[in-house]
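Asks: Top line first, the protein sequences correspond to chains A and B. For reference, each letter of the first sequence is one residue, going 1 to 193 in the UniProt record's numbering. For reference, each letter of the second sequence is one residue, going 1 to 460 in the UniProt record's numbering. A virtual CB, placed ideally from N, CA and C, is assigned to each residue, including glycine. Got a structure here, written out as structure tokens. Questions coming.
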Amino acid sequence: MTSRDRILQTVKKNQPVYTEGPSEIKHTEPANALEKFKNVLVSIGGAVLEIQSLGEVKQFIEKTFPNVQHIISSVSQLPYTKVLQQSVVSPHDFKHIQIAILEGKFGVAENGAVWLTENAMLDRALPFICENLILIVPAIKIVPTLHEAYYLTDAEQYNFGTFIAGPSKTADIEQSLVLGAHGPKSLTVFLLH
Amino acid sequence: MSELNIERDHASLAEDFNKDEKRVNWHDKTLWFIREKRDKAAWQIPEWEQLREHASHIKNHVLANLYDYLLEFERKAKENGVIIHWAETPEEHNAIVQSILKKYHVNKIVKSKSMLTEECHLNKFLEQHGIEVVDTDLGERIVQLANEPPSHIVLPCIHWKKEEIGVLFHKHLRTPEGNADPQFLTHAARVHLREHFLTSKVAITGVNFAVAETGEFVVCTNEGNADLGAHLADVHIACMGIEKIIPKRKDLAVFLRLLARSATGQPITTYSSHFRKPRVGQEMHIVLLDNGRSKRLASDDFRNALKCIRCGACFNTCPVYRRSGGHSYHTAIAGPIGSILAPAWDIKKNSDLPFASTLCGSCSNVCPVKIDIHNQLYKWRQEIVRNGYVSTKKKVSMNFMELILSNPLLFTLSGWIGRKILTYLPFIVNNNFNPWYKQREMPIPPKESFRSWYQKNKQH
Ligand code: SF4
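In structure tokens, the structure reads:
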């Protein structure tokens, strides 16, 4: 018998009987999901701006990061380099990226998280290796809680997906919050109306 | 990694920790602050208690159907192109990891936080076989550089002062002497670890939740280190206990709502990454470890500990943990949950740990999956005494207590004697033979017992 079979047999023999049905969760939804999303995201170190057009993203970058050279974007309407999947030799090629602009599918009001999947990342490593991350999310796509979030993504076929809530951070040194642990030092979410 | 101290028991190691009173107070306060943050986060969710109830239900349901869920998870993960391994023991787990590393001829790996690899002492094993392990969680890297095990499952270096980290980094990362600024030190670690991320072919991560329905697994971090490691490496090895399975994706909503709020009071960790398939050209492995879990399933008394989602809330709230420090538990997982897990691994070595508690029940009150931790501590004590793993001193006093508590007359009498002793002969208890007296003042005895007060007053 292999270890696998022995483990499974022991589990089968020992697992208890439990018949209680699931309890109900009646969850409360924040009254104004968009406002809640903005407040929570700011409280966890992110920045959030409501915009009417993508042009405002370009203006923001020129103003906030005037000397930045290495910008990459998955948004075709923006005038930045797009590295096509095929031409990428390895995820290491993204190590110099200072700003990455990606499209998030939706945001979650209760925790300020944005959901994005691999096909919107250019590369899995990009949202984590870039120095500053910009996410563009349709303003109407803010769901109240994670329950709706999983309902929304239930049928989605993705190979890799992640919730990103704020910039990378740590408080391991005496509980002092430091933004930019290993991943992006800043996260800006644009809510596009 | 240095060996845990198994020669000495919790009480004696806690005594060392208590030599520096100021430090103990600071440790205590820091952890209580995190406990308060947890409360604030929980109070913002009106359905918090329902969520806990539901999470507990899902976990009970999983444990009762684990056989089917493990098979379903295995099938789905394989369909996703992931290679599945099964390990009965830590030794087998470590050998599996080593064999994967051998295939790729690597002599270095990056690893994000995984309590399971701590349980298996993987670092020590790999280092003995010539493989450098770089822990990439900042707190874990700090204790690793200091040649220490983590003292807390969520906050590995909670016992370190920033000045000490400054000295440590000066020695290992050549930061300027005397610089103890958290921002500066974190940046230095970022630069140092980025280099390792970019040069490691293999990354090891833990697993927070594994979904049977889809074969995907979720890894949560704030730093992004699990993601950076996994996405930059050619090979990703995820190590998990067989109890980490949950039935459906929608269950993730329940657990992710609870996890970070319970752990640190954050609404969610910065990254909650869902790994389903390896990226093109990458190899992905999952190692499923048993290490006594399947046996434990049979025990009505101790099965519940398998519901743990490793949030650390029971540590932060525990008055004994806060004032004795993680290392006094001399086991990979400290705190209340460690004290009920460790005796199952080795009852002899860890027979002291279920006694490292006041049984106040605070742990059970905060536990997001409603594990009855304090009951299990109590049951372990009985188990330990029954099996003769307790020191004679403790055994005598426990037998004595049992006698008194089971006899109403003796109970009344002993209360009277106790009050007299505290009043007239305080030195009988205020001495060094009574470990309870250490670091404590004995209370002023009440003039009368609750029992006699109640008798007198109930007529009115
Ligand atoms: S026992 Fe409960 S409170 Fe303690 S770490 Fe596990 S889940 Fe968290």
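What are the uninterrupted segments assigned as beta strand (DSSP E) that are 3 or more residues long and contained completely in the stretch 136-213 of chain B, given in chain order?
Replies: 202-205, 209-211
Asks: Is there at least one non-hydrogen atom of the ligand SF4 closer than 6 Å to the beta-carbon of residue 308 of chain B?
Replies: yes
Asks: With distances taken between CB atoms, is the gap from residue 165 of chain B to residue 185 of chain B smaller than 7 Å?
Replies: yes
Asks: Using three-state DSSP, classify residue 302 of chain B as helix, strand or coil.
Replies: coil
Asks: Can you look up residue 271 of chain B in the DSSP assignment and give me helix, strand or coil?
Replies: strand
Asks: Closer than 6 Å to a non-hydrogen atom of the ligand SF4 - does that hold for the CB of residue 360 of chain B?
Replies: Checking every heavy atom of the ligand SF4 against the Cβ of residue 360 of chain B, none is found closer than 6 Å.
Asks: Residues of chain B with a CB under 8 Å from the CB of residue 119 of chain A: which are they?
Replies: Neighbours of residue 119 of chain A on chain B: none; closest Cβ ~12 Å, over 8 Å.
Asks: Comparing alpha-carbon positions, which option in B/102, B/106, B/105, B/210 lies nearest residue 59 of chain B?
Replies: B/210
Asks: Please go through the same chain and pick out, in chain order, the residues whose beta-carbon is closer than 8 Å to the beta-carbon of residue 302 of chain B, but skip the five residues on each side of it.
Replies: Residues 296, 340, 344, 376, 379, 380 of the same chain have their beta carbon placed closer than 8 Å to that of residue 302 of chain B, with the five preceding and five following residues left out of the count.
Asks: Anything in chain B within Cβ reach of residue 154 of chain A, meaning under 8 Å, just list it in chain order.
Replies: 249, 250
Asks: Would residue 35 of chain A count as contacting chain B if we go by Cβ distances under 7 Å?
Replies: no
Asks: Over the uninterrupted beta strand (DSSP E) stretch that includes residue 138 of chain A, give me the two end residues.
Replies: 132-138
Asks: Look at the alpha carbon of residue 127 of chain B and the alpha carbon of residue 94 of chain B, and state the distance between them as a whole number of angstroms.
Replies: 11 Å
Asks: How about residue 166 of chain A: is its Cβ closer than 6 Å to a heavy atom in the ligand SF4?
Replies: no
Asks: Is DSSP giving residue 30 of chain B helix, strand or coil here?
Replies: Reduced to three states, the DSSP call for residue 30 of chain B is helix.
Asks: Apart from the five residues just before and just after residue 183 of chain A, which ones in its own chain have a Cβ nearer than 6 Å to its Cβ?
Replies: 128, 168
Asks: Taking all protein chains shown into account, decide if residue 55 of chain A is buried (16 or more other Cβ within 10 angstroms of its Cβ) or exposed.
Replies: exposed
Asks: For residue 191 of chain B, count neighbouring Cβ atoms within 10 angstroms of its own Cβ and tell me buried if that reaches 16, exposed if not.
Replies: It counts as exposed.
Asks: Candidates A/14, A/1, A/123, A/148: which alpha carbon is nearest residue 26 of chain A's?
Replies: Ranking A/14, A/1, A/123, A/148 by CA distance to the CA of residue 26 of chain A puts A/148 first.
Asks: Who are residue 241 of chain B's beta bridge partners in DSSP?
Replies: B/289
Asks: Determine the extent of the beta strand (DSSP E) in which residue 280 of chain B is found, giving its start and end residues.
Replies: Premise fails: residue 280 of chain B is in no beta strand (DSSP E) and is neither H nor E.
Asks: I think residue 101 of chain A touches residue 76 of chain A, with their Cβ atoms under 8 Å apart; what is that distance to the nearest whole Å?
Replies: At roughly 11 Å, the Cβ-Cβ gap does not stay under 8 Å, so residue 101 of chain A and residue 76 of chain A are not in contact.
Asks: With burial defined as no fewer than 16 other Cβ atoms inside 10 Å of the residue's Cβ, what is the status of residue 244 of chain B: buried or exposed?
Replies: buried
Asks: On a CA-only basis, which of A/171, A/81, A/109 is nearest residue 45 of chain B? Give me that one, please.
Replies: A/109
Asks: Using the rule of at least 16 other Cβ atoms within 10 Å of the residue's Cβ for burial, across every protein chain shown, is residue 280 of chain B buried or exposed?
Replies: exposed
Asks: Looking at the unbroken beta strand (DSSP E) that takes in residue 85 of chain B, where does it start and where does it end?
Replies: 83-87
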